Amino acid sequence: MNLPNKLSVLRMCLVPVFVVIMVLTVLIPSFDVAGSILGVVVFLIASFTDMLDGKIARKQGLITDFGKFIDPLADKLMVIGALVVILYKYTAIRHLFVWAVLVVVFRELAITGVRLLAAGANVVIAAKYIGKIKTVSQMVCVSTVILEPLLARIPVLSFLGYLPLTYLSTAVMLIFTLWSGIDYMICYREFLDPTK
Numbered sequence: 002m003n004l005p006n007k008l009s010v011l012r013m014c015l016v017p018v019f020v021v022i023m024v025l026t027v028l029i030p031s032f033d034v035a036g037s038i039l040g041v042v043v044f045l046i047a048s049f050t051d052m053l054d055g056k057i058a059r060k061q062g063l064i065t066d067f068g069k070f071i072d073p074l075a076d077k078l079m080v081i082g083a084l085v086v087i088l089y090k091y092t093a094i095r096h097l098f099v100w101a102v103l104v105v106v107f108r109e110l111a112i113t114g115v116r117l118l119a120a121g122a123n124v125v126i127a128a129k130y131i132g133k134i135k136t137v138s139q140m141v142c143v144s145t146v147i148l149e150p151l152l153a154r155i156p157v158l159s160f161l162g163y164l165p166l167t168y169l170s171t172a173v174m175l176i177f178t179l180w181s182g183i184d185y186m187i188c189y190r191e192f193l194d195p196t197k
């Protein structure tokens with residue numbers, strides 16, 4: 002297994018670590034601040050491996066079919082895991098995030114379906130640039146949702162208690178999630194032809 006693929010596998014392994022840390026912030030209230038910061042650090046490390054694995058694979062010519070499969074899968078697990086944790090922990094924004102999670106999960110299932118149909122035709126669909134932007138927007142959104150309530154505890158930043166950055170980053174994430182999903186469906190519509 003080459004280095005980019007190892008980084009993708011590492012990202013997948015960091016997902017349960019992140020989830021456990023964030024659940025502990027709910028179960029142990031005194032761990033909330035430290036745990037939330039630690040959770041964001043773990044999430045950002047996982048996000049960094051996402052940027053790094055693709056860059057290394059392209060630069061060193063280490064692009065493999067396994068990498069084309071495992072990289073987007075690791076992204077999906079990381080983002081969906083984080084969104085589910087947010088639904089669990091942040092009850093004040095649950096009404097908003099339940100829709101965000103549904104949009105993200107529906108998009109990921111649809112694209113995974115297209116990937117499986119393409120794989121049946123011996124075509125491997127690599128991540129597209131708009132898909133990478135979508136992933137970055139999701140990572141920014143997750144980090145914002147976790148950090149903004151902590152920053153709102155600082156008196157001069159108390160206005161963040163209204164969660165303006167959370168709402169903004171969620172809107173941006175949803176736009177890119179829908180845009181990239183539609184883009185994939187248009188580009189690979191031949192695999193959706195029911196007559197084939």
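In this note's numbering, the protein residues as written are 2 to 197.
Every residue, glycine too, gets a C-beta built ideally from N, C-alpha and C.
Predicted model, so just to flag it, every value in this text is computed and none were measured.
Residue i, DSSP secondary structure in three states
i, result
"A47", "helix"
"Y91", "coil"
"V86", "helix"
"V124", "coil"
"I29", "coil"
"M2", "coil"
"K77", "helix"
"Y189", "coil"
"A58", "helix"
"S7", "Residue identity check: residue 7 is Lys in the sequence provided, not Ser. K7: helix per DSSP, three-state reduction."
"L53", "helix"
"R154", "coil"
"I22", "helix"
"L164", "coil"
"I1", "The structure shown does not extend to residue 1, since the chain is modelled only from 2 to 197, so the question has no answer here."
"K133", "helix"
Within 8 Å, strictly: CB atoms of residue i and residue j
i, j, result
"Q139", "M186", "no"
"V85", "V102", "yes"
"G182", "I112", "yes"
"A122", "F19", "no"
"V10", "I64", "no"
"L15", "L53", "no"
"I87", "P5", "no"
"L78", "M2", "no"
"R108", "T178", "yes"
Closest Cα partner of residue i within the set the options
i, options, result
"I81", "V99, K60, R116, P165", "V99"
"V143", "G40, P30, P5", "G40"
"P17", "I38, Q61, A75", "A75"
"L169", "L118, E149, V34", "E149"
"T136", "N6, I29, V27, A47", "A47"
"D66", "F192, F107, S159, V124", "V124"
"A120", "P156, G132, K69", "K69"
"F192", "I126, A93, T26", "I126"
"V27", "R59, Y89, V141", "Y89"
"L164", "N6, P156, L152", "L152"
"D73", "P30, L117, I38, R95", "It is worth fixing the name first, because residue 73 is Pro in this sequence and not Asp. Selected option, being the one with the closest Cα: L117."
"V146", "L97, S31, P30", "L97"
Residue i burial status per 10 Å Cβ neighbour count (16 or more: buried)
i, result
"Y91", "buried"
"V115", "buried"
"F44", "buried"
"M23", "buried"
"R190", "exposed"
"D51", "buried"
"F49", "exposed"
"V157", "exposed"
"G55", "buried"
"I94", "buried"
C-beta neighbour in chain C for residue i, strict 8 Å
i, result
"L117", "Within the model displayed, chain C is absent; a lone protein chain is all it includes."
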